[in-house]
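Okay, so the sequence shown: first residue is 175 according to our numbering, each after it adds one. Report on the structure given below.
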Amino acid sequence: MKITEILAIAGKPGLYKIIASSSKNLVVESMFDGKRVSVPGSSRVSSLGDITMYTHKEDIALIDILNNMHNKTKGEKAPNHNSSNASEIREFIDSVVLDLDHDRIYNSDLKKLVQWYNILLDKNAFPLEEDEVEEEAKSEKKK
Numbered sequence: 175m176k177i178t179e180i181l182a183i184a185g186k187p188g189l190y191k192i193i194a195s196s197s198k199n200l201v202v203e204s205m206f207d208g209k210r211v212s213v214p215g216s217s218r219v220s221s222l223g224d225i226t227m228y229t230h231k232e233d234i235a236l237i238d239i240l241n242n243m244h245n246k247t248k249g250e251k252a253p254n255h256n257s258s259n260a261s262e263i264r265e266f267i268d269s270v271v272l273d274l275d276h277d278r279i280y281n282s283d284l285k286k287l288v289q290w291y292n293i294l295l296d297k298n299a300f301p302l303e304e305d306e307v308e309e310e311a312k313s314e315k316k317k
């Protein structure tokens, strides 16, 4: 599944897949329960492809973190974001992202990351893929 097709919407739980778009709104489908909703253009909507996490050196793209989580767990679920305590989740994420900047990342961010991973795993979204345009931009940066 392409990571740019998956959205996080401020104020709404879970992840959403783009169904249709117009100049004024988006029609999205919840990846959790399959319900479709219309989201006004004024809402804060983020593509998972645009999200990065802070480390002490340089930020890491969310796609890399999620794919690393999938490799680390060998396709199994991550700790449950509701029943696991913050230290368990932080310990799990630290095993995936070695240089995480704990001063700038909150426990709520890590819980959301684990929740998103488990939703994507349930939808058989792995391995996540980037758009070809994003891949080209990354390779240009490295040169």
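Every residue gets a Cβ at the ideal spot worked out from N, C-alpha and C, and that includes glycine. All values derive from a computational prediction rather than experimental measurement.
Could you tell me the distance, in whole angstroms, from the CA atom of S258 to the CA atom of G208?
-> Our two residues, S258 and G208, have alpha carbons roughly 26 Å apart in a direct line.
At what residues does the beta strand (DSSP E) containing Y328 begin and finish?
-> Residue 328 lies beyond the residue range present for the chain, which begins at 175 and ends at 317; the question has no answer from this structure.
Cβ-based burial, G249 [other Cβ within 10 Å; buried from 16] | G249 should be labelled exposed.
If S212 sits next to L181, beta carbons under 8 Å apart, how far is it from one beta carbon to the other, in whole angstroms?
-> About 13 Å separates the CB atoms of S212 and L181; that is not less than 8 Å, and the two are not in contact.
Taking the beta strand (DSSP E) that V211 falls in, what are its first and last residues?
-> For V211, the uninterrupted beta strand (DSSP E) segment begins and ends at R210 to P214.
Between the Cα of A260 and the Cα atoms of G223, A194 and H276, which residue gives the shortest distance?
-> For A260, the nearest C-alpha among the options comes from H276.
List the DSSP bridge partners of S204.
-> Here S204 is bridged, per DSSP, to Y190.
Indicate the three-state DSSP secondary structure (helix, strand or coil) for M227 in the structure shown.
-> Note: M227 maps to strand in three-state DSSP.
Is the stretch 224 to 243 touching the stretch 191 to 201 in the sense that three or more CB pairs, one from each, lie closer than 8 Å?
-> Under the Cβ criterion (8 Å, minimum of three pairs), the stretch 191 to 201 does not count as touching the stretch 224 to 243.
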